[in-house]
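Novice: The structure follows.
Protein chains: 2
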Amino acid sequence: MPRQTFFKLKEEKKEAITQAFLFEFSHHSFEDASITAVVKKLRIAKGSIYQYFEDKLDLFLYLKEESEQTKMQYIMHLNREDYSDFWSYYRELYVQGIKFDKEHPLKSRFLYHINFLISSPAIKELAKSWKEKALMMMQQMIQKEIEEGHFRKDLPLLSMAHFLYTISISMGEYMERVHRVDVSENLKAELPLLQGTQESLLKSIDDYIILLKSSFNKP
Amino acid sequence: MPRQTFFKLKEEKKEAITQAFLFEFSHHSFEDASITAVVKKLRIAKGSIYQYFEDKLDLFLYLKEESEQTKMQYIMHLNREDYSDFWSYYRELYVQGIKFDKEHPLKSRFLYHINFLISSPAIKELAKSWKEKALMMMQQMIQKEIEEGHFRKDLPLLSMAHFLYTISISMGEYMERVHRVDVSENLKAELPLLQGTQESLLKSIDDYIILLKSSFNKP
DNA sequence: ATACAAAATGACCAACAAGTCACATCATAT
DNA sequence: ATATGATGTGACTTGTTGGTCATTTTGTAT
Numbered sequence: 478m479p480r481q482t483f484f485k486l487k488e489e490k491k492e493a494i495t496q497a498f499l500f501e502f503s504h505h506s507f508e509d510a511s512i513t514a515v516v517k518k519l520r521i522a523k524g525s526i527y528q529y530f531e532d533k534l535d536l537f538l539y540l541k542e543e544s545e546q547t548k549m550q551y552i553m554h555l556n557r558e559d560y561s562d563f564w565s566y567y568r569e570l571y572v573q574g575i576k577f578d579k580e581h582p583l584k585s586r587f588l589y590h591i592n593f594l595i596s597s598p599a600i601k602e603l604a605k606s607w608k609e610k611a612l613m614m615m616q617q618m619i620q621k622e623i624e625e626g627h628f629r630k631d632l633p634l635l636s637m638a639h640f641l642y643t644i645s646i647s648m649g650e651y652m653e654r655v656h657r658v659d660v661s662e663n664l665k666a667e668l669p670l671l672q673g674t675q676e677s678l679l680k681s682i683d684d685y686i687i688l689l690k691s692s693f694n695k696p
Numbered sequence: 478m479p480r481q482t483f484f485k486l487k488e489e490k491k492e493a494i495t496q497a498f499l500f501e502f503s504h505h506s507f508e509d510a511s512i513t514a515v516v517k518k519l520r521i522a523k524g525s526i527y528q529y530f531e532d533k534l535d536l537f538l539y540l541k542e543e544s545e546q547t548k549m550q551y552i553m554h555l556n557r558e559d560y561s562d563f564w565s566y567y568r569e570l571y572v573q574g575i576k577f578d579k580e581h582p583l584k585s586r587f588l589y590h591i592n593f594l595i596s597s598p599a600i601k602e603l604a605k606s607w608k609e610k611a612l613m614m615m616q617q618m619i620q621k622e623i624e625e626g627h628f629r630k631d632l633p634l635l636s637m638a639h640f641l642y643t644i645s646i647s648m649g650e651y652m653e654r655v656h657r658v659d660v661s662e663n664l665k666a667e668l669p670l671l672q673g674t675q676e677s678l679l680k681s682i683d684d685y686i687i688l689l690k691s692s693f694n695k696p
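For the protein sequence lines, the chains are F and V, in the order given. With my numbering as the guide, the letters of the first sequence map in order to residues 478 to 696. With my numbering as the guide, the letters of the second sequence map in order to residues 478 to 696.
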C-alpha cells in the first residue's frame, strides 16, 4: 500500500506520477522498468518516490489496483442476467472495454501488458495467482452456461476456460493488428490505443465471437 | 553469427554453454538474462563468451536458430497432403512437438518463451517480424483450406489466422496446467516439460482441436 | 625444445539500478 | 516571527550489468 503521503498529494501531481509510471511499466518487464529514469523525466527527486511507496513492488501493485478499479467502473454494472445470450453479454464487455481504452489509454495498456509478465522473477508467483483467479472466474461463467443448456458439455471445463481466456486476452492484439495501430506512438501522444472507428472495432469483435460461438455453443 | 572459435569447441563444451544459456533466456527477458550469472555457473571466463559471440544478441539469435533447426527436424517431414483433413495434420504437428519437448526440453521451453518477449526493447522489432511471419504462414494454410472447401469463408482471413495462432501458442500452457506440471522444476532437472502420459497429453490436444474444428470447419 | 598462433582469462570500465538518509524546504499554527 | 512536523531532495551506497583487453595458457608444427 502506498504511504499516506502519496494520497495527500494534490491530484495534479499524483496524476503525473501515476501516468509516468504506467507508461514505464507498460514498456518494460518489472525488473527493467526504471524508477530512476521516470523520476528524471518527472523532474522530481528519487527520494520522493520512496516517501510515497514502500518499494518498487508497492508502486507496481498500486498501479494495478488503480487501473483495475477504473476498469471495473466500466464493466461492473453489466450483468449476464440482462442478456438473452452469453455472447451479447460478452460483446458488451468489449464495448465497455473500448470505451475504457479510449478514456484511459495508459491504464488500458498497462493492464494488457501485465498478462505477459510471467517471466519476471520478482512477480512470477503473483502473476500466476492472478491468472489462476481469472481462469476460475471463466470456469464459473462457462459452468453456468453449460448448466443452463447453452454450451456444449462434452469437453472438460478447464479446456474451455483456457480457450476462452486465451482468446479474450488476444482480442486486443487482434484489434491492433486489424487497424494497423502503432500502440506505442498513441501511448506517447496519450491517444486511445485503438484508433479504428467504433463500428470497425466492433466488427473485429464480432468476427472473433462468431468463431467462439461456433466452438462453445451446443451444435 | 557466432565466431569460428565457437564452432571449433569440442561438442561437450559447446553443449554445456548452449544449455546454460537456453536455461537463462527461458527464465528472463532478454534484458534481464545475465551473461555474468551464466558464466559464473559454467565456471568459465566472461571473456570467453565474447570470443564465441559478437554480443548478447548474437548469442540469443544463435540459440533461436539452433532450437528452431532442431524442432524443424521433428516437423519438417510432415505434409498436409498426406492427411485427409487439416486437423489430423495439425494434431500430428503436436505429436511431434511433444516428442521434441521430451528430447529437447530446454530448446522447447526457450522457443515457447520467445513468444512473450514483445516487451524487450532490444528485440521488440525482431520479435514483431517473427510474429508477422508466423501469421503469414497461418494465413496461407487457412487460405488453402478455404479454397478446397474445408473451412468456412465468411470471415476475414486475418481473424482466423490470429485466432489459430493464439490458440496454437497457448496449447503448451494448457497442457502444463492440465497436468499440473512445475515446468521450472523439470527444466532444472532436465526432464521433459510435459510430464503426462502420451495419451493424456494427446487428450488435451484433442479437446482443443474439437473446439477449433467447430470454429473453422464449414457448418 | 622452440616458435607461433589460437584460445582462455579475469581484472577492469562505464553505465546503470534500487534504495537510503542527513539535510533543506515548506506549510501551518500559534 | 517562531516553532514544528510533514515533504522534498540528491549525493551516496551497494550491487549489478555488458563488454574490453593486456596478459597468460594451451595446442600444434617443426
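Glycine is no exception: its CB is placed at the ideal position from the N, C-alpha and C atoms.
1. Should the region 681-689 of chain F be regarded as contacting the region 634-642 of chain V, the criterion being three or more beta carbon pairs within less than 8 Å?
2. Using the three-state DSSP reduction, which class does residue 593 of chain F fall into: helix, strand or coil?
3. Near residue 514 of chain V, which residues of its chain fall below 8 Å by C-beta distance, leaving aside the five closest residues on each side in sequence?
4. So what's residue 556 of chain V in DSSP terms, helix, strand or just coil?
5. Please check if any C-beta of chain F sits within less than 8 Å of the C-beta of residue 643 of chain V.
6. Quick one: what's got a C-beta closer than 8 Å to residue 508 of chain F's C-beta in the same chain, skipping five residues either side?
7. Going along chain F, which residues have a C-beta under 7 Å from residue 515 of chain V?
8. Expressed to the nearest angstrom, what Euclidean distance is found between the alpha-carbon atoms of residue 540 of chain F and residue 579 of chain F?
9. What number of angstroms, rounded off, separates the C-alpha of residue 529 of chain V from the C-alpha of residue 665 of chain V?
10. What's the C-alpha gap between residue 565 of chain F and residue 555 of chain V?
11. Assuming residue 688 of chain F and residue 692 of chain V make a contact with CB atoms under 8 Å, what is their CB distance in whole Å?
12. Could you give the residue range of the alpha helix (DSSP H) that holds residue 675 of chain V?
13. For residue 582 of chain V, return the contacting residues in chain F, with the cut-off set at a CB-CB distance below 8 Å.
14. Does the region 669-681 of chain V come into contact with the region 645-660 of chain V, if we say contact requires no fewer than three beta-carbon pairs (one atom in each stretch) closer than 8 Å?
15. Please indicate yes or no: does the CB of residue 539 of chain F lie closer than 7 Å to some heavy atom of the ligand MN?
16. Verify whether the separation of the beta carbon atoms of residue 516 of chain F and residue 510 of chain F is less than 8 Å.
17. Measure from the alpha carbon of residue 553 of chain F to the alpha carbon of each residue in F:568, F:535, F:573, F:536, then state which is nearest.
18. Considering only C-alpha positions, which residue in the set F:545, F:480, F:527 is nearest to residue 607 of chain F?
19. Express the C-alpha separation of residue 640 of chain F and residue 613 of chain V in angstroms, rounding to a whole number.
20. Taking 8 Å as the CB-CB cut-off, is residue 655 of chain V touching chain F?
21. Just to make sure I have the definition right: I need the residues of chain F whose C-beta is within less than 7 Å of the C-beta of residue 602 of chain V. Which are they?
22. Roughly how many whole angstroms lie between the Cα atoms of residue 494 of chain V and residue 557 of chain V?
23. Determine, for residue 512 of chain V, whether the minimum Cβ-Cβ distance to residues of chain F falls below 8 Å.
24. Which residues share a DSSP beta bridge with residue 628 of chain F?
25. Here's the rule I'm using: 16 or more other beta-carbon atoms within 10 Å means buried, otherwise exposed. How should residue 647 of chain V be labelled?
26. Going by other Cβ atoms of all chains shown within 10 Å of its Cβ, with 16 needed for buried, is residue 483 of chain V buried or exposed?
27. Quick one: what's got a C-beta closer than 7 Å to residue 585 of chain V's C-beta in the same chain, skipping five residues either side?
28. Give the residues of chain V in contact with residue 593 of chain F, contact being defined as C-beta atoms less than 8 Å apart.
29. Check the Cβ of residue 498 of chain F against every Cβ in chain V and list those closer than 8 Å, keeping chain order.
30. For residue 492 of chain V, tell me which candidate among V:624, V:583, V:569, V:618 has the shortest Cα-Cα distance.
31. Whole alpha helix (DSSP H) runs in the region 509-559 of chain F with 4 or more residues, listed along the chain?
32. Does DSSP classify residue 613 of chain V as helix, strand or coil?
33. Given a cut-off of 8 Å, decide if residue 628 of chain V and residue 695 of chain V are closer than it, judged by their beta-carbon atoms.
34. Applying a beta-carbon distance threshold of less than 7 Å, which residues of chain V neighbour residue 684 of chain F?
35. Closest to residue 642 of chain V by CA distance: which of V:549, V:550, V:615, V:542 is it?
36. For residue 505 of chain V, which of V:570, V:563, V:587 has the nearest alpha-carbon?
Specialist: Once the coordinates are examined:
1. yes
2. Position 116 of the first sequence holds residue 593 of chain F. The answer is coil: DSSP assigns residue 593 of chain F none of H, G, I, E or B.
3. Mapped onto the second sequence, residue 514 of chain V falls at position 37. Here the set comprises 501.
4. Position 79 of the second sequence, counted from the start, is the residue given in the question as residue 556 of chain V. Looking at residue 556 of chain V - three-state DSSP - the assignment turns out to be coil, as it is neither helix nor strand.
5. Taking the first residue of the second sequence as position 1, residue 643 of chain V is located at position 166. Yes - at least one Cβ of chain F is within 8 Å of the one on residue 643 of chain V.
6. Locating residue 508 of chain F in the first sequence gives position 31, counting from the first residue. Within the same chain, residue 508 of chain F has close Cβ partners 597, 598, 599.
7. The residue labelled residue 515 of chain V in the question sits at position 38 within the second sequence. Per Cβ cutoff of 7 Å: no residues; residue 515 of chain V is ~15 Å from chain F at best.
8. In the first sequence, residue 540 of chain F corresponds to position 63, counting from 1. In the first sequence, residue 579 of chain F corresponds to position 102, counting from 1. Rounded to whole angstroms, residue 540 of chain F to residue 579 of chain F spans 18 Å at the Cα level.
9. Residue 529 of chain V sits at position 52 when you count from the first residue of the second sequence. Residue 665 of chain V sits at position 188 when you count from the first residue of the second sequence. Rounded to the nearest angstrom, the two C-alpha atoms are 25 Å apart.
10. For this step, residue 565 of chain F is matched to residue 88 along the first sequence. For this step, residue 555 of chain V is matched to residue 78 along the second sequence. If you take the alpha carbons of residue 565 of chain F and residue 555 of chain V, they lie about 41 Å apart.
11. As a working mapping, residue 688 of chain F is identified with position 211 in the first sequence. As a working mapping, residue 692 of chain V is identified with position 215 in the second sequence. Indeed they touch by this definition, with Cβ atoms about 4 Å apart.
12. As a first step, residue 675 of chain V is located in the second sequence; it is residue number 198 there, counting from the start. First-last of the alpha helix (DSSP H) with residue 675 of chain V: 675-693.
13. Within the second sequence, numbered from 1, the residue matching residue 582 of chain V stands at position 105. The contacting residues do not exist; residue 582 of chain V stays about 17 Å from chain F at best.
14. yes
15. Within the structure as shown, the ligand MN is missing, as the structure has no ligands at all.
16. Along the first sequence, one-based indexing puts residue 516 of chain F at 39. Along the first sequence, one-based indexing puts residue 510 of chain F at 33. Contact flag unset, no.
17. Locating residue 553 of chain F in the first sequence gives position 76, counting from the first residue. Closest option to residue 553 of chain F, Cα to Cα, is F:573.
18. Within the first sequence, residue 607 of chain F is the residue found at index 130, counting from 1. The shortest Cα separation from residue 607 of chain F among F:545, F:480, F:527 belongs to F:545.
19. To locate residue 613 of chain V, count along the second sequence from 1; it is residue 136. To locate residue 640 of chain F, count along the first sequence from 1; it is residue 163. Taking the straight line from one Cα to the other gives about 22 Å.
20. Against the second sequence, residue 655 of chain V aligns to sequence position 178. By this cut-off, residue 655 of chain V is an interface position.
21. To locate residue 602 of chain V, count along the second sequence from 1; it is residue 125. None at all; the shortest Cβ gap to chain F is about 11 Å.
22. Translated into the one-based positions of the second sequence, residue 494 of chain V becomes position 17. Translated into the one-based positions of the second sequence, residue 557 of chain V becomes position 80. If I take the Cα positions, the gap works out to 37 Å.
23. Here residue 512 of chain V is taken as the residue at index 35 of the second sequence, counted from 1. No - not a single Cβ of chain F is within 8 Å of the one on residue 512 of chain V.
24. Start at 1 with the first residue of the first sequence, and residue 628 of chain F comes out as number 151. In the DSSP output, where bridge partners are listed per residue, residue 628 of chain F has F:694.
25. Counted from its first residue, the second sequence places residue 647 of chain V at position 170. When all chains shown are included, residue 647 of chain V counts as buried.
26. Here the question's residue 483 of chain V lines up with position 6 in the second sequence. It counts as buried.
27. The residue labelled residue 585 of chain V in the question sits at position 108 within the second sequence. So the list reads 577, 578, 670, once near-sequence residues are dropped.
28. Here residue 593 of chain F refers to the residue found at position 116 of the first sequence. The contacting residues are 593, 595, 596.
29. Residue mapping note: residue 498 of chain F aligns to position 21 of the first sequence, counting from 1. Correct list: empty, because the minimum Cβ distance to chain V is about 15 Å.
30. If you number the second sequence from 1, residue 492 of chain V lands on position 15. Measuring from the Cα of residue 492 of chain V, the nearest candidate turns out to be V:583.
31. 512-519, 523-529, 533-552
32. Your numbering for residue 613 of chain V matches position 136 in the second sequence. Looking at residue 613 of chain V - three-state DSSP - the assignment turns out to be helix.
33. Residue numbering aside, residue 695 of chain V sits at position 218 when the second sequence is read from its first letter. Residue numbering aside, residue 628 of chain V sits at position 151 when the second sequence is read from its first letter. Yes, these two residues count as a Cβ contact at 8 Å.
34. Position 207 of the first sequence, counted from the start, is the residue given in the question as residue 684 of chain F. The contacting residues are 632, 633, 636.
35. On the second sequence, residue 642 of chain V is found 165 positions in, with the first residue counted as 1. With distances taken between Cα atoms, residue 642 of chain V lies closest to V:615.
36. Translated into the one-based positions of the second sequence, residue 505 of chain V becomes position 28. Cα-wise, what sits closest to residue 505 of chain V is V:587.
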